[in-house]
Each structure stands twice: as C-alpha cells, then as structure tokens.
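**Q** Heads up: the sequence lines are chains A and B, in that order.
Position 93, counted from 1, in the first sequence is what full-length UniProt numbering calls 93; the numbers after and before it change by one each time, with no gaps.
Position 17, counted from 1, in the second sequence is what full-length UniProt numbering calls 17; the numbers after and before it change by one each time, with no gaps.
Glycine is no exception: its CB is placed at the ideal position from the N, C-alpha and C atoms.
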Amino acid sequence: MTKKLGWFLAGGLLVAVLLAGVVSNFASSSPDGLDATAREGCTFNAEGEITGGTCIAQEEGEHQLGDSPLADYGIRGVGNSFVSTLLAGTAGVLITFGVGAGLFWVARRRQGTDA
Amino acid sequence: METTAMHIANGIVDGPVSAVFAVLAVAALAFCVRKARNDLDERLAPMAGLVAAFIFAVQMLNFQVLPGVSGHLLGGTLAVILVGPWVGALCVSTVLIVQCLLFADGGLTALGLNITNMALLGTAAGYLLVAGLLRVLPRNAQGLAVTAFVASVVSVVVASQGFVFEYALGGTTELSLPWVSGTMALSHTLIGIGEGLIAATTVATVAKVRPDLVYALRRFRKPAPVVEAGVKA
Numbered sequence: 001m002t003k004k005l006g007w008f009l010a011g012g013l014l015v016a017v018l019l020a021g022v023v024s025n026f027a028s029s030s031p032d033g034l035d036a037t038a039r040e041g042c043t044f045n046a047e048g049e050i051t052g053g054t055c056i057a058q059e060e061g062e063h064q065l066g067d068s069p070l071a072d073y074g075i076r077g078v079g080n081s082f083v084s085t086l087l088a089g090t091a092g093v094l095i096t097f098g099v100g101a102g103l104f105w106v107a108r109r110r111q112g113t114d115a
Numbered sequence: 001m002e003t004t005a006m007h008i009a010n011g012i013v014d015g016p017v018s019a020v021f022a023v024l025a026v027a028a029l030a031f032c033v034r035k036a037r038n039d040l041d042e043r044l045a046p047m048a049g050l051v052a053a054f055i056f057a058v059q060m061l062n063f064q065v066l067p068g069v070s071g072h073l074l075g076g077t078l079a080v081i082l083v084g085p086w087v088g089a090l091c092v093s094t095v096l097i098v099q100c101l102l103f104a105d106g107g108l109t110a111l112g113l114n115i116t117n118m119a120l121l122g123t124a125a126g127y128l129l130v131a132g133l134l135r136v137l138p139r140n141a142q143g144l145a146v147t148a149f150v151a152s153v154v155s156v157v158v159a160s161q162g163f164v165f166e167y168a169l170g171g172t173t174e175l176s177l178p179w180v181s182g183t184m185a186l187s188h189t190l191i192g193i194g195e196g197l198i199a200a201t202t203v204a205t206v207a208k209v210r211p212d213l214v215y216a217l218r219r220f221r222k223p224a225p226v227v228e229a230g231v232k233a
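1) Thinking C-alpha only, which one of B:152, B:90, B:172 and B:173 is nearest residue 129 of chain B?
2) Can you grab the Cα-Cα spacing for the pair residue 205 of chain B / residue 94 of chain A, in whole Å?
3) For residue 43 of chain A, write down the residues that DSSP places opposite it in a beta bridge.
4) Could you give the distance in angstroms between the alpha-carbon of residue 73 of chain A and the alpha-carbon of residue 15 of chain B?
5) Mapping DSSP to helix, strand and coil, what is residue 66 of chain B?
6) Note the first and the last residue of the continuous alpha helix (DSSP H) segment covering residue 59 of chain B.
7) Which residues does DSSP pair with residue 13 of chain B in a beta bridge?
8) Taking Cβ-Cβ distances shorter than 7 Å, what residues in chain B pair up with residue 99 of chain A?
9) Closer than 6 Å to a non-hydrogen atom of the ligand SAM - does that hold for the CB of residue 40 of chain A?
10) For residue 172 of chain B, would you say it is in contact with chain A, using Cβ-to-Cβ distances shorter than 7 Å as the test?
11) Let me know if residue 77 of chain A comes out buried or exposed under the rule of 16 or more other beta-carbons within 10 Å of its beta-carbon.
12) Our contact map puts residue 63 of chain A next to residue 108 of chain B with C-beta atoms below 8 Å; I'd like the distance itself, whole angstroms only.
13) Use the C-beta contact count for residue 209 of chain B: other C-beta atoms within 10 angstroms, 16 or more gives buried, fewer gives exposed.
14) Alpha carbon to alpha carbon, how far is residue 50 of chain A from residue 19 of chain A? Give it in angstroms, no decimals.
15) Report, in whole angstroms, the separation of the C-beta atoms of residue 157 of chain B and residue 188 of chain B, which I expect to be a contact under 8 Å.
16) When we look at the beta-carbon of residue 174 of chain B and count the other beta-carbons within 10 Å, is it buried (16 or more) or exposed?
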C-alpha cells in the first residue's frame, strides 16, 4: 500500500468518524421509510409499545442481541447522549473498516497468482 | 420498545421465509466473494474497507422526507461506482452484519432479508443502471454524479420492493399488498433522491481527488467504437 493511498484512507476515515460521531447527533429521529410503513395503522404509547390497531409491526419481536453494549447506536451506561453517540459512531466506523478491510485483504488476489 | 430501527426487525416476516432468504443470501455472498477476488488487489481491498465504513457512517444520518418519516442512504449504488458490483455487495453486507450483531439494528432472524434487499437487490439494480448510463454519459466527475443520482433513486425503490415481496411471501400480518407497495415506493422514491444527492457528491469528490480509485472510471469499458475500429483496421 502506497503512502498516498494511506493518506486518502486516513482522510476518508476521519470524514466517516465525523459523520457518524458528530453529524449523526443532528439526524432526524423520525422512523425511516420502512419503519414508518410498518407502524402505520397502529397506535403507540410513550414507550413505543403498540396499544392497538393493525399494522405490519404488530408481531415484531425483540432483537436477540438487544442487550449489546452498543445497541441502538449508543454506549450503554453513558448518560450524555451526545457523548454516547460520538463513541458508538466512532466505534462503528472503525470496527466496520477493520472487519471490511481485514476480510477484503485476506480475500485479495495475490500478485503473481491468477486465483 | 424504544429503538432506532432502520432495517427489517424480527417477527415481521415469518421464520420459514426468513430462513429461505438467509440461505439465498449466504449462497449469493459466497458467489460474490468468488467474483470479487478478481477485482480485489492491494489497492482495492483497503478502499473497500473505507467504503464499508463510510456507508456505516452515512446510514446513521437519517434525513426527513415527509412529516414523521425519515430515511437514510442504503449505499448499493455508491459502492458499485467506487469498488464494483461484487465487492460493493460485500461492503453493504459487512455494514448490515456489523449493525445487526453489534448495534442490534435489523433482526438476526431478518438478516437474510435485509442482505437480500439492500446488499443484493439494491446493488444489482444500481450496477445495471451504472453500467448502462456510463455507456452514454461522459466519464468524468459530472457524468459520474448524474449516474450516481439516477441509479441511486432506482436502486432504493427496487430494494424497498424487495421487502414488499418478502412480506407478500411470509408477512405475519395481512395488510393490503398494493398499499404496502405504494407506501414503500413513495417514501423510498424520496429517500432515493436524498441518497442520490449524497452518492453523487461523494463519487464526484473522489473522482476529482483520486480518479484512479474509482472503479467505474477504470472498468465498465465502453464498447469499442465500430466505425473507428473499421477505419483503423
């Protein structure tokens, strides 16, 4: 890997960390297109539990890994939501880069082989 | 249940249909890995890691599309342009797997459904449009931006209809399919426009800074111009 590519990657990662850690604090908190469609027709209480009606999300189950320390893009135990999102977003970017780049590196075509 | 759900949750599509799509997703990803190896060299591998990390970041940025409805980038088209279709599908899958396992976003049972819609269908639709549009549009930052925009809008709507298909096969509730399809298509057309703007900005920026890192500028070759070839021969 050349030094020039290294700088590009570092710059790109910095942008991604800023987007995930900082800008995401200003993202819309409305349900997304899928979630909004799934909730339409049901009524919800303050905790987000379905109280009545008919909708796609009616039979929705809990996430098997809902107790993950990073669940819902926050760090469990961190009270300040800005700090929580900052840390979770940064961790997500770095983990995704590490996992992705690592797997792609292992799978890459070696020079001199045609596999 | 207070969640920042962005992908299909558990229990919305039944177990058997979810299992079928999980098998389908694993098989398709294995095929992608085989094809991706031809593209993955020492430059593309770290670049693909960055593309996955960038998609993870931008998926956290929900933007408002209608009152009470938001959306976020899915990333298939962006990945196709920057790292190609096979590696691109693997990038989006990596994001979905990390989100599911670590961030409790998108049900574990529903992972095959989410991968099918966003990583496979979305990327495939994006690829077909990118390959087609780059035959007629100029291969520079502007041409790439227009391509990214148009392909993103179509790709996001196609991915949304993937969910409608899965819901039709195994939905645990019985809402009117035309209604589900229409509602999903409307919100995802708007989400696609947002995604298109983000993808266009991103690829145009990379094309200006490091055009050599843009897969779509290296590959998807134009067919040889017949007339010139004839003259030269």
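**A** Taking the geometry as given:
1) For residue 129 of chain B, the closest of B:152, B:90, B:172 and B:173 by C-alpha to C-alpha distance is B:152.
2) Residue 205 of chain B and residue 94 of chain A have their C-alpha atoms roughly 22 Å apart.
3) BP columns for residue 43 of chain A point to A:52.
4) About 26 Å.
5) DSSP places residue 66 of chain B in strand when its eight states are reduced to three.
6) Bounds of the alpha helix (DSSP H) holding residue 59 of chain B are 44-59.
7) Beta bridge pairing from DSSP links residue 13 of chain B with B:171.
8) Here the neighbours are 94 and 98.
9) Because no ligand of any kind appears in the structure shown, any question about the ligand SAM cannot be addressed here.
10) Interface residue, yes.
11) Residue 77 of chain A should be labelled exposed.
12) With 8 Å as the limit, residue 63 of chain A and residue 108 of chain B qualify as a contact, their Cβ atoms being about 7 Å apart.
13) That one is exposed.
14) Distance between the alpha carbons of residue 19 of chain A and residue 50 of chain A is about 32 Å.
15) Residue 157 of chain B to residue 188 of chain B, Cβ: 5 Å. Contact.
16) Residue 174 of chain B is classed as exposed because its beta carbon has fewer than 16 other beta carbons within 10 Å across all chains shown.
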